[in-house]
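Novice:
Numbering (this note's numbering), first residue to last: 666 to 736.
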């Protein structure tokens, strides 16, 4: 699984300089981080998620738009 944030950062609740820079420059949002953390926790129960390449997760009202990269 590829996420917009490092897995280590998600597990440690602390952003590395690279991911912090992405957040500071608007390349990712706090929602990207929160959704990636949730997705990582769901991957244990859903092995098919291991092939996912998530680029962005955008909240639009009550909807979530996922931008993924095709293999």
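The C-beta atom is built at its ideal place from N, Cα and C for all residues, glycine as well.
1) Using the Cα positions of residue 695 and residue 709, report the straight-line distance between them to the nearest angstrom.
2) Out of 698, 713, 726, state which residue places its alpha-carbon closest to the alpha-carbon of residue 623.
3) Determine the contact status of residue 715 and residue 666, defining contact as a CB-CB distance below 8 Å.
4) Look at the alpha carbon of residue 711 and the alpha carbon of residue 669, and state the distance between them as a whole number of angstroms.
5) According to DSSP, which residues form a beta bridge with residue 672?
Specialist: Taking the geometry as given:
1) To locate residue 695, count along the chain shown from 1; it is residue 30. To locate residue 709, count along the chain shown from 1; it is residue 44. C-alpha separation (whole angstroms): 23 Å.
2) Residue 623 is absent from the structure shown; the chain starts at 666 and stops at 736.
3) Walking along the chain shown from the start, residue 715 turns up at place 50. Walking along the chain shown from the start, residue 666 turns up at place 1. Contact flag set, yes.
4) As a working note, residue 711 is residue 46 in the chain shown. As a working note, residue 669 is residue 4 in the chain shown. Taking the straight line joining both Cα atoms gives about 19 Å.
5) Taking the chain shown and counting its residues from 1, the one referred to as residue 672 is at position 7. Answer by DSSP bridge pairing: none, since residue 672 is not bridged.
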